[in-house]
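Visitor:
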Amino acid sequence: MGVALISAMGSCSLPLQAMPLTINTEEYPPFNYADDQGQIIGSATMLLRNALRQADIEAYFRLLPWARAYTEARLSDSHCVYSTTRTHEREALFQWVGPLVVNEWAAFSLAQRELDVTSLSELRDWRVGSFREDAVGDYVASSGSNVLLAPSERENIARLKAGLLDVIVTGKATGEFMAQEQNIALEHLFTFHRAPLYLACHPSVSEALLARLQTQLDALHRDRQEESQ
173 MGVALISAMG
183 SCSLPLQAMP
193 LTINTEEYPP
203 FNYADDQGQI
213 IGSATMLLRN
223 ALRQADIEAY
233 FRLLPWARAY
243 TEARLSDSHC
253 VYSTTRTHER
263 EALFQWVGPL
273 VVNEWAAFSL
283 AQRELDVTSL
293 SELRDWRVGS
303 FREDAVGDYV
313 ASSGSNVLLA
323 PSERENIARL
333 KAGLLDVIVT
343 GKATGEFMAQ
353 EQNIALEHLF
363 TFHRAPLYLA
373 CHPSVSEALL
383 ARLQTQLDAL
393 HRDRQEESQ
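Residue numbers in the sequence shown follow the working numbering, run continuously in steps of one, and reach 401 at the last position.
(1) Please return the same chain residues whose Cβ sits closer than 8 Å to the Cβ of V274, not counting the five positions on each side in sequence.
(2) Leaving out the 5 sequence neighbours to the left and right, which residues in its chain are closer than 8 Å to L287 when beta-carbon positions are compared?
(3) Exposed or buried, which one is P323 when buried takes at least 16 other CB atoms within 10 Å?
(4) D395: buried (16+ other C-beta within 10 angstroms of its C-beta) or exposed?
(5) Please list the segments of the alpha helix (DSSP H) lying wholly inside the region 296-361, counting only runs of 4 or more residues, in order along the chain.
(6) Could you tell me the distance, in whole angstroms, from the CA atom of I229 to the CA atom of L220?
(7) W268 and V308: beta carbons closer than 8 Å?
(8) I need the straight-line Cα distance from T346 to A239, nearest angstrom please.
(9) In chain order, what residues of the same chain have a beta carbon less than 7 Å from the beta carbon of L392, not counting five sequence neighbours either side?
(10) Would DSSP call T194 helix, strand or coil?
(11) Could you give the first and the last residue of the continuous alpha helix (DSSP H) run that contains S215?
(12) Could you work out which residue in V341, E398, E379 is closest to V289 when comparing CA atoms only?
(13) Where does the unbroken alpha helix (DSSP H) through Q386 begin, and where does it stop?
(14) Which residue marks the beginning of the alpha helix (DSSP H) containing L247, and which one marks its end?
(15) Which one of V300, A383, E399 has the shortest CA to CA distance from G335?
(16) Have a look at L292 and F349 and give me their C-alpha separation to the nearest angstrom.
(17) Which same chain residues, not among the five before or five after Q388, have their C-beta less than 7 Å away from its C-beta?
(18) So what's R262 in DSSP terms, helix, strand or just coil?
(19) Taking all protein chains shown into account, do 16 or more other C-beta atoms lie within 10 angstroms of the C-beta of H251, making it buried, or fewer, making it exposed?
(20) Any idea what DSSP makes of Q209, helix, strand or coil?
(21) Taking the alpha carbon of G343 as the reference point, which residue from Q397, Y311, L265 has its own alpha carbon closest?
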């Protein structure tokens with residue numbers, strides 16, 4: 173488990189934050205993952221760290237299996253979790269800050285299988301892998317597919333290589349990252365959804381604190397847009 177602390181809290185923020193936030197995340201590259209030294213990095217992580225620093229908010233980062241990361245944020249005071257898809261079912265469970273990044277949902281198979289699958293409806297004929305409490309897998313299951321759940325994305329890659337799965341559904345960027353990382357030839361079958369990813373926080377977290385964080389996150393997004401023009 174990786175643990176990191178951002179400690180940039182000034183005295184002016186003390187009335188708004190009685191205790192540091194505990195921010196849970198998972199291995200979901202390239203958005204959030206641990207480097208070789210165990211530091212939590214990734215595009216969503218770096219954006220969130222910068223926004224926390226600018227907002228003078230103290231936070232601990234923890235890397236956990238997704239189901240635990242999500243459940244702790246849902247049930248525990250002062251806990252948050254990212255990168256989280258904001259669904260109708262989850263909306264009232266959390267307070268939301270974001271979006272951080274946008275995730276494209278896609279289906280992959282081993283390239284050597286040469287599967288001809290181009291739509292969600294066709295996945296019903298195959299063994300499809302996702303992981304627990306994952307919005308991508310839930311979405312595919314709602315279309316009628318029998319989705320087999322693993323503890324993590326990397327476990328799904330292992331099951332795919334072992335012939336226990338025919339297809340995995342995950343973020344397009346995540347599938348491509350893991351294919352390169354593990355030197356495995358994956359075929360991108362099709363993309364079926366785009367979803368913004370957020371920081372989801374327990375209702376106990378101060379609304380004023382999260383509003384401050386949202387303001388800084390919005391400013392960082394504006395700066396990036398201006399730099400790209």
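Where a beta carbon is used, it is the ideal one built from N, C-alpha and C, also for glycine.
Guide: Here's the rundown:
(1) Once the five neighbours on either side are set aside, the close Cβ partners of V274 are R366, A367, P368, L369.
(2) Counting only Cβ-Cβ distances below 8 Å, and skipping sequence neighbours, we find S281, W298, D338, V339, E359, L361.
(3) Exposed is the call here.
(4) Under this definition D395 is an exposed residue.
(5) Segments of the alpha helix (DSSP H) lying fully in the region 296-361: 307-314, 325-333, 344-353.
(6) Straight-line spacing of the CA atoms in I229 and L220 works out to 11 Å.
(7) Taking the C-beta atoms as reference points, V308 is found no nearer than 8 Å to W268.
(8) Rounded to the nearest angstrom, the two C-alpha atoms are 18 Å apart.
(9) Excluding sequence positions up to five before and after L392, its CB lies within less than 7 Å of the CB of L219, N222, A223, all in the same chain and listed in chain order.
(10) Strand.
(11) Taken as a continuous stretch (DSSP letters only), the alpha helix (DSSP H) holding S215 covers 215-226.
(12) Of the listed residues, the one whose Cα sits closest to V289 is V341.
(13) Looking at the DSSP string, the run of the alpha helix (DSSP H) that includes Q386 is 379-400.
(14) Run containing L247: 238-247, per the alpha helix (DSSP H) assignment.
(15) When only C-alpha atoms are compared, the closest one is V300.
(16) When rounded, the distance between both Cα atoms is 22 Å.
(17) Here the set comprises A223, Q226, A227.
(18) It is coil, neither helix nor strand.
(19) With 16 or more other Cβ atoms within 10 Å, it is buried.
(20) DSSP places Q209 in coil when its eight states are reduced to three.
(21) Checking every option, the nearest Cα to that of G343 belongs to Y311.
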